[in-house]
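One structure below.
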Amino acid sequence: MTAYQLPVFIPFTYLAFAVLIPLVGLWKRKLSHPMAVTGSGLAAGLSLYGFAAYVNTGPIHHTFGGWQPPIGIEFVYDGLSAFFLLVINMVAFLVLLHSKPVAAREFRGKRMPFYSVTMLLMLGFNGIVSTGDLFNLYVFLEISSLSSYGLIAIGNRHAPFAAFRYLVLGTIGGSMYLLGLGFLYISTGTLNIIDMAAMLPHFAGKPPVLTGLILMTVGIGIKAALFPMHGWLPDAYTFASSTSSALIAPTGTKVGAYILIRVLLYLFGIESMDAVFKVSSVLGMLAGAGILYGSIMAIAQSELKRMLAYSSVSQIGYIIMGLSLANPAGFVGAVLHVLNHAAMKACLFLVAANLRFREGHSNIRLFNDTYRKKYPWTMACFTVAAVSMVGLPPMAGFFSKWYLVLGTIANANWVLLAVILMSSLLNAVYFFRVLEKVYMKNPDKESPAGEEAVVMNREVKPLMLAPVVILATGIIVIGIMNMSVVSYILKMFPG
Amino acid sequence: MRTQYDSLIVLLGARFLSPYIMMFGLYVIFHGHHSPGGGFQGGTLLAASVLLVRVAGGRLVARRQIKEFITTPLAAVGVVIYFATGMTALVAGGSFLDYGHLPFPGINPVLLRYYGILSIEIGVGLAVMSILIMIFDNMAKGEDFV
Amino acid sequence: MKTIKMLILILFFSVLAYGTVDLPYRGDPDNLMNRETSITGTPVAGNYYIRKAYEDAGTINMVTVVLADYRGVDTLGEQVVIYSAGLITVLILRRNRRR
Amino acid sequence: MCDFFLGHYSYWLTMFLLCIGLYGVLMKKNLVKKTIGLTILQSSIILFYVSIAAKWDATVPISDPSRPVTDASNYLNPLPHTLMLTAIVVGVATLGVAFALLMAIFNRYQSLDEQEILDMIE
Chain B
513 MTAYQLPVFI PFTYLAFAVL IPLVGLWKRK LSHPMAVTGS GLAAGLSLYG
563 FAAYVNTGPI HHTFGGWQPP IGIEFVYDGL SAFFLLVINM VAFLVLLHSK
613 PVAAREFRGK RMPFYSVTML LMLGFNGIVS TGDLFNLYVF LEISSLSSYG
663 LIAIGNRHAP FAAFRYLVLG TIGGSMYLLG LGFLYISTGT LNIIDMAAML
713 PHFAGKPPVL TGLILMTVGI GIKAALFPMH GWLPDAYTFA SSTSSALIAP
763 TGTKVGAYIL IRVLLYLFGI ESMDAVFKVS SVLGMLAGAG ILYGSIMAIA
813 QSELKRMLAY SSVSQIGYII MGLSLANPAG FVGAVLHVLN HAAMKACLFL
863 VAANLRFREG HSNIRLFNDT YRKKYPWTMA CFTVAAVSMV GLPPMAGFFS
913 KWYLVLGTIA NANWVLLAVI LMSSLLNAVY FFRVLEKVYM KNPDKESPAG
963 EEAVVMNREV KPLMLAPVVI LATGIIVIGI MNMSVVSYIL KMFPG
Chain Z
10 MRTQYDSLIV LLGARFLSPY IMMFGLYVIF HGHHSPGGGF QGGTLLAASV
60 LLVRVAGGRL VARRQIKEFI TTPLAAVGVV IYFATGMTAL VAGGSFLDYG
110 HLPFPGINPV LLRYYGILSI EIGVGLAVMS ILIMIFDNMA KGEDFV
Chain A
0 MKTIKMLILI LFFSVLAYGT VDLPYRGDPD NLMNRETSIT GTPVAGNYYI
50 RKAYEDAGTI NMVTVVLADY RGVDTLGEQV VIYSAGLITV LILRRNRRR
Chain P
283 MCDFFLGHYS YWLTMFLLCI GLYGVLMKKN LVKKTIGLTI LQSSIILFYV
333 SIAAKWDATV PISDPSRPVT DASNYLNPLP HTLMLTAIVV GVATLGVAFA
383 LLMAIFNRYQ SLDEQEILDM IE
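So this is what it looks like as C-alpha cells:
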C-alpha cells in the first residue's frame, strides 16, 4: 500500500466490512461483532498510520479514475482530515469494542444488520471527512444520515418516533445543503472545493453566493444540531439504545462541525463569508445562545442520557463559537474541543450504558452512595470525564476552553467571554449534582439496617470497562500533552 | 397483507407480463451506453417484474420465486461487483475506479473503460433489484408484526 | 406557533427570491457552467464532458460516462445509499425475537 | 423586463414548489403527509437542477452525428442531470426508510397523528 492509495483505504475498509458482515452473517450470525470490531480497528490503525504519513510527507490527493480534480473527484487527505479521521475512528473502535453485551441484551436478533449499518455510518463519516468534492460530500452525508436514522430507531418503545423526527429534519437539512450547492454551482461552474475556493473571492457579496452560503449553513446546522435547529437531538439520544447513542453522540455532530469548518473557513474564507453582513457574528450569537440553553436544560433533566444529550447541544455551541471567532486561538479552541468532546462524550455515554446494563436505568434521582462501592472504576472514569467537562485544569476540557477564552479576548467579544464563563459554572452545577449523589453520604436518608454490609462490587466485565478506562486515561493524557496537539492544529488555520 | 384472496386471472396476467418487463429491464441495463438507461433504471424495472408477481400471488408464490433470504446476499454481491472493479484497478496500479488500468492485456484503454462501465452497471442493477425486493418483503412482513 | 412557522416560510421564500434575482438567465449558453474555462483558468467540467466523453470511454451517452466513470465515486456512494436503505428496513422491521 | 422574467420564472416556480413542500412538512400533523411534503421538497430541488442544465437550441446529452461534439453549445450540460440521478436515488432511499419507520410507529401507537403520539409519550 502506497501513500497515494491511503485516502481510499481508510473509508472503504468500512464498506468492505459492511458488505462482508451480511455475507458471513448468513453462515454464522455470532461473527458479526468480531468482524465489526476488526473493521473499525483496521480503519483506526490505518488512520493512525496515515496521520504519521501526513506529518512526514504532507497532504495526499487521490484522484478517482485518474481524472484531474475539476473533471473528476478527489479525496484530499490534509491536516484537518487526518485529525478528524483519527478522532472518529478511534472513538468508533472503542465504542464497538464495548458493545457486545449491550447488543446481545438489547437487540439480540438484529445484530447482523445493526453492525452492518454501523459500518455504513462510519463509511459515511469517513467519506465526508476525506472528500474534496462538494456533491460527493452530499452523497456521503446522506449515507451517514440514513444509517443514523436506522441506528436511532433501535432502542426503546419511543425510538422510531424520535428517529422519524430526525429523518424529517435531517432530510430538510440535506435538501437545503443541496439547494445551496446548486446556487454555488451556477455561480462558479465547479464542484471541487479547492477550485471553488479560488473562485469565490471574485463573487464575494453576490446574492446567489450569499444565498448558497446561508442555505448550506442552515442545512449543516441541522445535522450538527446548532441551537435553533437542535430539536431532534435530545429525544434521539435518549430513546436510542446505549450503543447507538454512544456511537452517534461523539461522532455525528462532530462531523457536522467539520463540514461547517470546511465550508465556512476553507471554502468561503473569512473575508467573503462576512462580505455582506457578519455571518460569523450571527453564528457566534446562535452558538452562545445554544451554550446557555443546553446547559440550563441539562440542569432540569433527571435522566442521565437526556442530560448528556442537552449537554451535547451546549458543547456543539463551543465548537461553532470557536470557528465563528475566525482567529487562530478560536480555531484551536474549536478543533481541540472536537477531540476533547469526542473523548468525554463517548466516555460519559459508555458510563451510562454500563449503568443501564447493570441497574436497568440511568435515572439520576435513584443514584446513591452505594454506587461508589458497586462500580468503583466506572464511577472514577465518570468523575474524570465530568471534571474535564466542567473545565478544571489538569484535564483536557480546560485547555479547549482556555483557547476559546483567548479567542474571545482577541476579538474583544466580551459577551461570548461571559457566556463561556457562565456556562462553565452551569456545567459544574449539573455534573457535581451527580457526583454529590454518588460520593457524599446522604444524611437525610435513613439507610436501612445492614445495607452497607451487603453492598458488593458489581463492576462490569473487563470488555465493557476497558474502553471507558482508555477514554478516561485519554482525557488526562490529552490534557498533559496539549501543547503538541495545539501546535499541530495551529498549522491548519487557513489564511 | 392481512387477508389474501386467490385470483387466477390476476396471477396469470401478472405472470404473463413479468418476463417482458424483465426483458425490458435487461435491455435498459445493457443499452445504457447508447440510449437513456443504466443500472438504476434497469434494476428498478427488474424489481418491478418480480414484485408484480409477488403482489398478485402473495407469500406462497413469493416462496417459489426469488426467495426472501437470498435478497440480502444478492444486494451485497451487487455492491461487491462495483467495489471489486474499483479495487482491481487500484491494485493494478491506477487510481480507484480507473477502468483504464484493469488487468486485461490486449485491449486498449478506451474499450476497457467501455467494459468497466458495463460491469459496474450490472452490479448496480443487481443491487437495486434485490434491495427493492428486500424492502418490499420487509414491509409486507412488518405489517403483520404486532 | 403557527404564525412563527408561517413567518419562517415567508422569510425563507424571500431569501430564495433574493438569491435567484441575480442568477444567469435560464438557457443562456454563455454562463459560467457552460464556458470553456472558468475565471481562474481551470477547465469547466460540464463542457469537458460533452467534448471528450466519446474519446475517453467510447460511449455516446454522456450521462452514463459521467455517472460511471468521471464521477464514479458518486455512483458507488449512491449504491451504498440504497444498500443502507435496504439494510435499515431489515434492521427496523425484523422481529427481535428470532433465535 | 420580459427577458428577465422569461429567464428567471423557472427558478421562482421551483422555489415556490419548495415552499409548498416545506409548508407540508411544518404544518401538517399527519406523519404520512409530512413525508409527502418531504418528497415535494426533494422533487423541487431536482427540478431546479434540471432547469439550470438547459441551453437554448441544444439537445439531450447523447452524441448525435449531425451535431458535432466539438461545439459544446449543441448539447445540454450533462453534469446536473448526473447529479440529479444520484439525488433521485437518495430520495427513494429516504422514502423507503421513512415508510419503514412509519410502520414501526404505527405498530407501536396505532396512530399516525403527531399530536396523539406526543401525548402518548408524555
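Residue numbers (our numbering), protein chains in the order written: chain B, 513 to 1007; chain Z, 10 to 155; chain A, 0 to 98; chain P, 283 to 404. For each residue, glycine too, the CB sits at the ideal point set by N, CA and C.
Residues of chain P with CB closer than 9 Å to the CB of R50/A, please, in chain order. Result: V351, T352, D353, A354.
Counting only the same chain and skipping the five closest in sequence on each side, list residues whose C-beta sits under 8 Å from that of R98/A. With a pLDDT of only 41 at R98/A, under the threshold of 50, the placement of this residue in the model should not be trusted, and no figure is reported.
DSSP state of I542/B mapped onto helix, strand, coil: Looking at the sequence provided, one finds Lys at residue 542/B rather than Ile. Correct three-state label for K542/B: helix.
To the nearest whole angstrom, what separates the beta carbons of P23/A and I698/B, a pair I think is in contact under 8 Å? 7 Å
Through-space distance from E783/B to G717/B, alpha-carbon basis: 10 Å
Using a threshold of 8 Å, state whether the C-beta atoms of G132/Z and G87/Z are closer than that. Yes, they are a contact pair.
If P534/B sits next to A85/Z, beta carbons under 8 Å apart, how far is it from one beta carbon to the other, in whole angstroms? 5 Å
Tell me which residues share the same chain as W926/B and place their Cβ nearer than 8 Å to its Cβ, disregarding the 5 neighbours each side in the sequence. T920
Would a check of beta-carbon distances place V155/Z closer than 8 Å to chain P? Interpretation of V155/Z is limited by its pLDDT of 41, a score under 50 that renders its predicted location unreliable; the figure taken from the coordinates is listed afterwards. Output row for V155/Z: interface = yes.
Using the DSSP secondary-structure output, state which residues sit across from K337/P in a beta bridge. Looking at the DSSP output, K337/P bridges to G26/A.
Assuming the contact rule is C-beta atoms closer than 8 Å, A615/B and H545/B should be a hit. Round their C-beta distance to whole Å, please. Taking a contact as a CB-CB distance under 8 Å, the pair A615/B and H545/B counts as one, their CB atoms being some 7 Å apart.
Can you tell me whether I403/P is buried or exposed? The criterion is at least 16 other CB atoms within 10 Å of its CB, across all chains shown. exposed
Compare the beta carbon distance of Y82/A and I583/B with 8 Å and say whether it is the shorter of the two. Cβ distance not < 8 Å, so Y82/A and I583/B don't count as in contact.
On the DSSP bridge assignment, give the partners of R349/P in chain order. D346/P
Can you name the start and end residues of the beta strand (DSSP E) that V588/B belongs to? Here the beta strand (DSSP E) through V588/B covers 586-589.
Give me whichever residues DSSP pairs with Y357/P in a beta bridge. T341/P
Hey, G562/B and A594/B: beta-carbon distance below 8 Å or not? yes
Option nearest K817/B by Cα separation, candidates K1003/B, M833/B, V863/B: V863/B
Along the chain, where does the alpha helix (DSSP H) that runs through T882/B open and close? 882-886
Output the distance between the C-alpha atoms of A674/B and A16/A, rounded to the nearest integer angstrom. 33 Å
With 8 Å set as the bound, which would you pick, yes or no: does the beta-carbon of K316/P sit closer than that to a beta-carbon of chain B? yes
Run through chain B and tell me which residues come within less than 8 Å of V379/P, C-beta to C-beta. L658, Y661, G662, L679
Of the residues F676/B, F910/B, E948/B, S823/B, the one placed nearest I987/B, counting alpha carbons only: F910/B
Nearest-angstrom Cα distance between V307/P and V314/P? Distance between V307/P and V314/P, taken at the CA atoms: about 10 Å.
Cα-Cα separation, V155/Z to F524/B: With a pLDDT of only 41 at V155/Z, under the threshold of 50, the placement of this residue in the model should not be trusted, and no figure is reported.
With 9 Å as the limit, tell me which residues of the region 322-346 of chain P have their beta carbon closer than that to any beta carbon of chain Z; keep them in chain order. Residues of the region 322-346 of chain P whose Cβ lies closer than 9 Å to any Cβ of chain Z, in chain order: V342, I344.
Count the other C-beta atoms from every protein chain shown that fall within 10 angstroms of the C-beta of S348/P, then say buried if there are 16 or more, exposed otherwise. Classification of S348/P: exposed, given that the 10 Å Cβ count is below 16.
Our contact map puts A67/A next to I30/Z with C-beta atoms below 8 Å; I'd like the distance itself, whole angstroms only. Rounded, the Cβ-Cβ distance is 24 Å, inconsistent with contact.
Report the partner residues of D645/B according to the DSSP bridge assignment. N704/B
Rounded to whole angstroms, what is the Cα-Cα separation between G724/B and L361/P? 19 Å
Of the residues A98/Z, L35/Z, G66/Z, R63/Z, the one placed nearest L121/Z, counting alpha carbons only: Just measuring C-alpha positions, the residue of A98/Z, L35/Z, G66/Z, R63/Z sitting nearest L121/Z is A98/Z.
So, are the CB atoms of L597/B and V641/B less than 8 Å apart? yes
DSSP three-state assignment for N33/A, whether helix, strand or coil: coil
Out of L21/Z, H40/Z, G95/Z, which one is the CA nearest neighbour of F61/Z? The displayed chain sequence assigns Leu, not Phe, to residue 61/Z. Looking at the Cα atoms, L21/Z is the closest of the given residues.
Sorted by chain position, which residues of the same chain lie with C-beta nearer than 8 Å to N389/P's C-beta, five sequence neighbours on each side aside? none
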